[in-house]
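Working notes for the structure below.
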Amino acid sequence: MKKWLLFLVFPLTLFAKLFEDGDFQIWNTDAISIRLSPRSSFYGDIEFRYGDDVHKLYYKHIHLQLDWTLNRYFSIAPGFRFTWLRLNDKWVKENDPLIIFTLYLVNSRSLVVSNRCWFQYRNLPKELGGKQRILYRNRFQMLFPWKMGSSQINPYISDEIFVQKDWGFFENRAIIGALIPRSERAYFDFYYMYLSTKDHERKWVQSNVFGAGVHFYF
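Dropping the structure here:
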């Protein structure tokens, strides 16, 4: 009962923020997973982010990683991310290796609770300071598989923090969304995110983000 109450209260907190001042954005992420063995798979995605009230594409990336599931409670994924960020109408590129550890605190048919630790070695371009920095991300997520007749929907809530040297804690993503299976080999992901980031003056700025994507399995 408590978990359903949490799922009802959390979105109310998010949507109370929805009409506050801030940028409106749309993010699109499309992904593919290819099974290599019973415990390993290749994962890749591309993402596009539109900001300035959805008038401008300001960010895009290609993300590649190898997933190893050690057991039902722990997985590890080394990877690489190619990122393009628009600064003053010029695209700036960043190429970063990374590694992700995911701990599944609860992994059952009715509830999946996970904690993801992400370490990314950032090779910042000269336009962003030209330094090397370690980016740490931590995401706590709760997913609730629901079966409704022959249909299934998997609502989820998550919160993720971003920490980096020189900036400290500089970004937070609070999300409510749903994974909707399309077939055994694909599902859709729809979500709302309340995004808080520090600007160049280190002041917190809030944005409302709606995201959508599709994930294919092979």
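At the far end of the sequence shown sits residue 259, using this note's numbering, and the numbering has no gaps. Ideal Cβ placement from N, Cα and C applies to all residues, glycine included. Please read all numbers here as calculations on a predicted model, not as lab measurements.
| Item | Value |
| --- | --- |
| Residues near residue 227 by beta carbon distance below 8 Å, same chain, minus five either side | 255, 256, 257, 258 |
| Through-space distance from residue 218 to residue 46, alpha-carbon basis | Here residue 46 scores only 47 on pLDDT, less than 50, and its place in the model should not be relied on; the value that follows carries that caveat. Going by the C-alpha atoms only, they are around 16 Å apart. |
| Pairwise C-alpha distance: residue 232 and residue 188 | 19 Å |
| Where residue 152 falls: helix, strand or coil (DSSP) | coil |
| Beta-carbon contacts of residue 145 that lie in its chain and below 6 Å, excluding the five residues immediately before and after | 114, 155 |
| Residue 92 and residue 106 closer than 8 Å at C-beta | no |
| Residue environment, residue 179, which counts as buried when at least 16 other CB atoms sit within 10 Å | exposed |
| DSSP bridge partner residues for residue 11 (one or two, in chain order) | In the structure as shown, the chain begins at 42 and stops at 259. Residue 11 is therefore absent and cannot be evaluated. |
| Residues of its chain near residue 101, where Cβ-Cβ distance is below 8 Å and the 5 sequence neighbours each way are ignored | 87, 88, 89, 90, 124, 125 |
| Beta-carbon proximity of residue 216 to residue 199, cut-off 8 Å | yes |
| Residue 142 versus residue 244 - alpha carbon distance | 30 Å |
| Residues bridged to residue 186 [DSSP beta-bridge criterion] | Answer by DSSP bridge pairing: none, since residue 186 is not bridged. |
| Close Cβ partners of residue 84 (< 6 Å) along its chain, the five nearest in sequence each way excluded | 74, 106, 108 |
| Nearest-angstrom Cα separation, counted from residue 66 out to residue 249 | 6 Å |
| Beta-bridge pairing of residue 177 - partner residues as DSSP gives them | 160, 204 |
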